[in-house]
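Below: one structure, written as structure tokens.
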Amino acid sequence: MKRIGVSVLVSVGILLASGCSNDTATEATVPKPIEVKFEIPKEVDTNKEEQLMIHVTQGTKNVNDADEVKFEIWKAGADEKSELIKATAAKKGMYAIQHRFSEAGVYFVQTHVTAHDMHNMPKTYVVAGDVPKAEVEKLTKDMDKEKSQHMPGHH
């Protein structure tokens, strides 16, 4: 009788252990990150309405249902005076705003995109009006340094 009980326990243990196999069909897959690509000109005129757009994707699919998309814009050297503008969905993963750059200078544009429980905040720049090339190169070089310092493995 004792042998039957032990055999039953061993059999149940084997069945339970086999239920924990590496069945990839039942495991949760990690979703691909959301990607944000800027669709904006590098140079714009001052005092002219400009359309700034981004394309949001996840893997090969357009993200048409982002929870929040905002553009933050500030003039170089005046980041405390940033302007946050809510974007509107355009089409096929595209989100856009209209913006007028009132003064000549280099402006930074950072998007804040929240979709599918993820957040992405890429940054680029726009040159408004006539700005000396040396100033643009200095500010862009600093931005490239900043990017490389925040990338994993680049400390």
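Numbering (mature numbering (1 follows the signal peptide of the UniProt record, and there is no 0)), first residue to last: -25 to -1, 1 to 130. Beta carbons: idealized from backbone N, C-alpha and C, even for Gly.
Bridge partner(s) assigned by DSSP for residue i
| i | result |
| --- | --- |
| Leu89 | Sequence inspection shows Thr at residue 89; the Leu mentioned does not correspond to that position. Thr89 pairs with Glu43 and His94. |
| Val81 | Val102 |
| Leu59 | Glu47 |
| Ala71 | Met28 and Thr63 |
| Val11 | Val31 |
First and last residue of the uninterrupted beta strand (DSSP E) at residue i
| i | result |
| --- | --- |
| Thr35 | No beta strand (DSSP E) holds Thr35; DSSP gives it neither H nor E. |
| Ile15 | It is not in any beta strand (DSSP E) - Ile15 carries neither H nor E in the DSSP assignment. |
Residues near residue i by beta carbon distance below 6 Å, same chain, minus five either side
| i | result |
| --- | --- |
| Leu114 | Ala51 and Val81 |
| Glu55 | none |
Contacts around residue i, its chain only, beta-carbon distance under 8 Å, and the 5 residues preceding and following it disregarded
| i | result |
| --- | --- |
| Val106 | Ala79, Gly80 and Val81 |
Anticipated Cβ contact below 8 Å, residue i with residue j, distance rounded
| i | j | result |
| --- | --- | --- |
| Val11 | Val84 | About 11 Å separates the two Cβ atoms, so there is no contact after all. |
| Ile9 | Phe46 | About 16 Å; that fails the 8 Å criterion. |
| Val44 | Thr86 | 7 Å |
| Ala90 | Tyr70 | That belief does not hold up - the Cβ atoms of Ala90 and Tyr70 are roughly 10 Å apart, past 8 Å. |
| Ser77 | Asn22 | 6 Å |
Same chain, Cβ closer than 7 Å to residue i, neighbours up to 5 away in sequence not counted
| i | result |
| --- | --- |
| Glu18 | Val102 |
| His74 | Glu25, Leu27, Ile48 and Ile60 |
| Met93 | Pro8 and Ile9 |
| Asp(-3) | Low confidence applies here, because Asp(-3) scores a pLDDT of 49, under 50, leaving its location unreliable and the question unanswered by this model. |
| Gly68 | His30, Val31, Thr32, Asn37, Val38 and Asn39 |
| Val111 | Val81 and Val102 |
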